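Peer 1:
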Amino acid sequence: MKIALLGNPNTGKSSVFNLLTGLRQQVGNFAGITVEKRSGSIQLDQVQHELIDFPGTYSIYPRSKEESVVFNVLSDPSHSQHPDQIIFVADASNLQRNLLFFSQVYDLGIPCILVLNMWDLAQRKGIVIATEELGNMFPGVPIIQSNARIGLGKDRILKALTSERILDRTQAKFLESAELCAIDDVQCQKLEAEQRLRKIKDALKHIVQTKAPDGDSVSRKIDRVLVHSFFGYVIFAFVLLTIFQFIFTFANAPMNWIDSMFSHFSTWSSETIQPGLVNDLISQGIIPGIGGVVVFVPQIAMLFFFISILEESGYLSRVVFIMDRLMRPFGLNGKSVVPLMSSVACAIPGIMATRTISNWKERLITILVAPFMSCSARIPVYTLLISLVIPKTFVFGFINLQGIVLFGLYSLGIVFALLVSLLLKLMIKQKEKGFLLLELPDYKNPRWGNVLINVLEKVKIFIFDAGKIILAISIILWFLASFGPNMKESMHGLNKTRVYQSMTEKEQTKAMDSCKLSNSYIGILGKGMEPVIAPLGYDWKIGISLITSFAAREVFVGSLATIYAVQDESDEQSLLIDRMRNEVKTDGTPVFTLASGVSLMVFYVFAMQCMATMAVVKRETNSWKWPVIQLVFMGLLAYFSAWLCFILLS
Amino acid sequence: MLNTLDHIELQRVVEIVSVDNSPISSKLTEMGLVAGQLITTLFKAPFGDPIAIELNGTVLSLRLEEAQFIEVKA
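Order-wise, the sequence lines are chains B and L.
Position 443, counted from 1, in the first sequence is what this note's numbering calls 463; the numbers after and before it change by one each time, with no gaps.
Position 59, counted from 1, in the second sequence is what this note's numbering calls 64; the numbers after and before it change by one each time, with no gaps.
1. Measure from the alpha carbon of Gln629/B to the alpha carbon of each residue in Pro647/B, Val314/B and Asn642/B, then state which is nearest.
2. Along the chain, where does the beta strand (DSSP E) that runs through Val315/B open and close?
3. Quick check on the burial criterion: 16 or more other C-beta atoms within 10 angstroms. Buried or exposed for Asn156/B?
4. Could you name each continuous beta strand (DSSP E) segment of 3 residues or more that falls completely within the stretch 225-305 of chain B, going from the start of the chain to the end?
5. Hey, quick one: how far does the alpha helix (DSSP H) through Ile544/B stretch, first residue to last?
6. Please compile the residues from chain B whose C-beta is within a distance smaller than 8 Å of the C-beta of Phe52/L.
7. Quick one: grab the DSSP three-state call for Arg345/B.
8. Whole angstroms are fine: how far does the CA of Asn28/B sit from the CA of Ser290/B?
9. Quick one: what's Ala6/B bridged to in DSSP?
10. Could you please tell me which residues of the stretch 59-89 of chain B, in chain order, have their CB closer than 8 Å to any CB of chain L?
11. Which of helix, strand or coil does DSSP assign to Asn353/B?
12. Can you have a look at Ile203/B and say buried or exposed, based on whether 16 or more other CB atoms are within 10 angstroms of its CB?
13. Name the chain B residues that come within less than 9 Å of Ile29/L, Cβ to Cβ?
14. So is Ile227/B buried or exposed if we call it buried at 16+ other beta carbons inside 10 Å?
15. Roughly how many angstroms separate the alpha carbons of Met634/B and Lys488/B, rounded to a whole number?
16. For Leu120/B and chain L, any beta-carbon pair shorter than 8 Å?
17. Starting from Leu614/B, trace the alpha helix (DSSP H) both ways and give me its first and last residue.
18. In chain B, which residues lie with their C-beta within 8 Å of the C-beta of Ser97/L?
19. Heavy atom of the ligand MG less than 7 Å from the Cβ of Leu172/B, yes or no?
20. Phe48/L touches chain B at which residues, Cβ-Cβ below 8 Å?
21. Which residues does DSSP pair with Cys132/B in a beta bridge?
22. Grouping DSSP H, G and I as helix and E and B as strand, with all else coil, what is Phe427/B?
23. List, in chain order, every chain B residue whose beta-carbon is nearer than 7 Å to that of Val77/L.
24. Using only alpha-carbon positions, find the residue among Lys480/B, Met21/B and Lys145/B that is nearest to Ile320/B.
25. Have a look at Phe108/B and Lys22/B and give me their C-alpha separation to the nearest angstrom.
26. Determine the extent of the alpha helix (DSSP H) in which Asn8/L is found, giving its start and end residues.
27. Going by DSSP, what residue range makes up the alpha helix (DSSP H) through Thr151/B?
28. Between the C-alpha atoms of Gly617/B and Lys605/B, what's the straight-line distance to the nearest angstrom?
29. Hey, quick one: how far does the beta strand (DSSP E) through Lys57/B stretch, first residue to last?
30. Keeping to the same chain, check which residues put their C-beta closer than 6 Å to that of Tyr430/B; ignore five residues upstream and five downstream.
31. Assuming the contact rule is C-beta atoms closer than 8 Å, Ile490/B and Val313/B should be a hit. Round their C-beta distance to whole Å, please.
32. Name, going along the chain, the residues of the stretch 89-123 of chain B whose beta-carbon falls closer than 7 Å to a beta-carbon of chain L.
33. For Leu60/L versus Gln42/L, is the C-beta distance shorter than 8 Å?
34. Quick check: Glu20/L and Tyr78/B, are their CB atoms within less than 8 Å of each other?
35. So if I threshold CB-CB distances at 9 Å, which residues from the stretch 250-273 of chain B count as touching chain L?
36. If we cut at 8 Å on Cβ distances, does Phe194/B have a partner in chain L?
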């Protein structure tokens, strides 16, 4: 049996879902659209049934393309997801609006139960509901009180699903002449909603008694500060700063553990498995590839930990409220702010967080511009190049020039994210008009169980959905970096040189690695593309590093170190910087100058140098079209801006 | 005196007279914004848009361009 979970947003619907299914949940998409479909199993009388969580909506009629899944599934009995029973979750303190959607669901004739959730909150607000009379409004519907946030109501809900009352469901309707309106007939839907509301209001007069009709006065007081026209922004900036501080301080350690764990694992497997192609594939291709997926987990987990807290507490909708006006001129929406800000840490969780944006165009624009925000993987590239080409002088005697350049790179990313949004707003055509009409729920303490489940879910999506693509690309990159038509001969040649034989063993390994990479397919590609990147001031060695850093931007630094044969165990970069400083072109001029250095930095601000982001964009837009457009567009922008910088500064 | 919701000062209680036809009129209705409903204007976002109103104990935010479809009287 399929059981659907329906209800308005902010009714604790996901708490009910978590309460009923625990950790036995799967996440996926509804067929054909990128709407999260959470499903889990519940057991009734020794039989497993599938519980499907639908997006929270205010009506059976969708506000956006994404919400139309509710209408499509419920109105079509032959739909593969059409439910046999429905659990409808309503906020007990706002029955009038919740019952509008419920009465629509009721009139479908599918057996259903009505869960009055957040019962304690309603009581605290002085709301008294005569449940029996409410039951008379909807014959055949068991009504249950619950408080899912603290885990109350599970048994009652499960019992109601098999109760006699639900089995006695007659074909009675709430609205006698209820026929579904067409999905795009706004006029018909408005009339229907008016009729329903009138009837519900009349009936509730005798069912609901409210002592204090005011809202939550504490929330109103908090709002006076949090949406204040000055302090609202100060507090939001402070919240963001705290989150980033936390992530930069605490994500590094687990990321290093993951790195070293996988490199140990790789060494172990290369020593254990019989030497040969299979050994190389496993220990140098597959294991580091998996490591390259897992290494993102700490950042994703931490960001979603904070985003979930903001969401659960009710603060997130206030952020949307104060940012909406600022983002609208750019074709974005108040809901784009958190995804874009998250992208400063990492674009992957940022893009995954766009699911809350219901308007497809606004969501797509947010996804497409998120990688312009300078993520943490760019920091190693920026710092290396800044210390190489930007002098440590002070402007006005106290502002560090290197700091100004770093700030400029971040700002450049933000400015272009907004400019490109503006451009996309004009280019992407869509009939559906974005609107806000958002509820500002009362402030609540976050439920840690819900936060945890949300974090696990996002990590799972990343590892299993995007991970496959990332692994495949990293194996291809490994292959291109480890094989080449003349690699063996070149390495053999190097072996015979007198210089090589006079080296220490360590130096020999480095020289060999460098020779290997230069003669691999990637090396050949890098050399082949030299004429293309020469106008930007780059040589083939930089070209190689540009290709390898498609795996992740920070790989740029490691690749250069390999090519220059200065790889060092310690974190000291001085060796690499010295080596880069002495690097000259064939005509004797230095490779790394102010012009070529700035050109490279600007290239990294704009270029989509991250296969993991591409994999996530593919997952979130359900097609290869958008990540490919993004790759080409960002690549062209990076190329021409870098070229311009090089010309202007040479 | 009749006015549209986007022109109402803060901290006023007003009654909805009608909701004009628009692509979002059914959505406004579904949120409980129907003729006869009492609403309180609560606060505005910085730059005056969107606004937050209270109805039946819940707070709703809407943009001025959405509020202009709602006709109210004091």
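Every residue, glycine too, gets a C-beta built ideally from N, C-alpha and C.
Bear in mind that the values here come from a model prediction, so they are computed numbers and not experimental data.
Peer 2: On the basis of the coordinates in this document:
1. Pro647/B
2. That residue, Val315/B, is in no beta strand (DSSP E); it is neither H nor E in DSSP.
3. exposed
4. 228-230
5. Tyr541 to Gly548
6. Ser249, Arg345 and Leu346
7. helix
8. 55 Å
9. In this structure chain B extends from 21 to 670, so residue 6/B is not present and cannot be described.
10. Tyr78, Ser79, Tyr81 and Arg83
11. coil
12. exposed
13. Arg83, Val206, Lys453, Phe455 and Leu457
14. buried
15. 12 Å
16. yes
17. Leu614 to Phe626
18. Nothing about residue 97/L can be reported from this structure: the residues present for chain L run from 6 to 79 only.
19. No copy of the ligand MG appears in this structure; indeed no ligand is present at all.
20. Asp243, Arg244 and Val247
21. Ile106/B
22. helix
23. The premise fails here: Val77/L is roughly 17 Å from chain B at the closest Cβ pair, so nothing lies under 7 Å.
24. Lys480/B
25. 14 Å
26. No alpha helix (DSSP H) holds Asn8/L; the beta strand (DSSP E) holding it covers Leu7 to Thr9.
27. Thr151 to Met157
28. 14 Å
29. Glu56 to Leu64
30. Ser394
31. 5 Å
32. Ser113, Asn114, Gln116, Arg117 and Leu120
33. yes
34. no
35. Phe250, Gly252 and Tyr253
36. no
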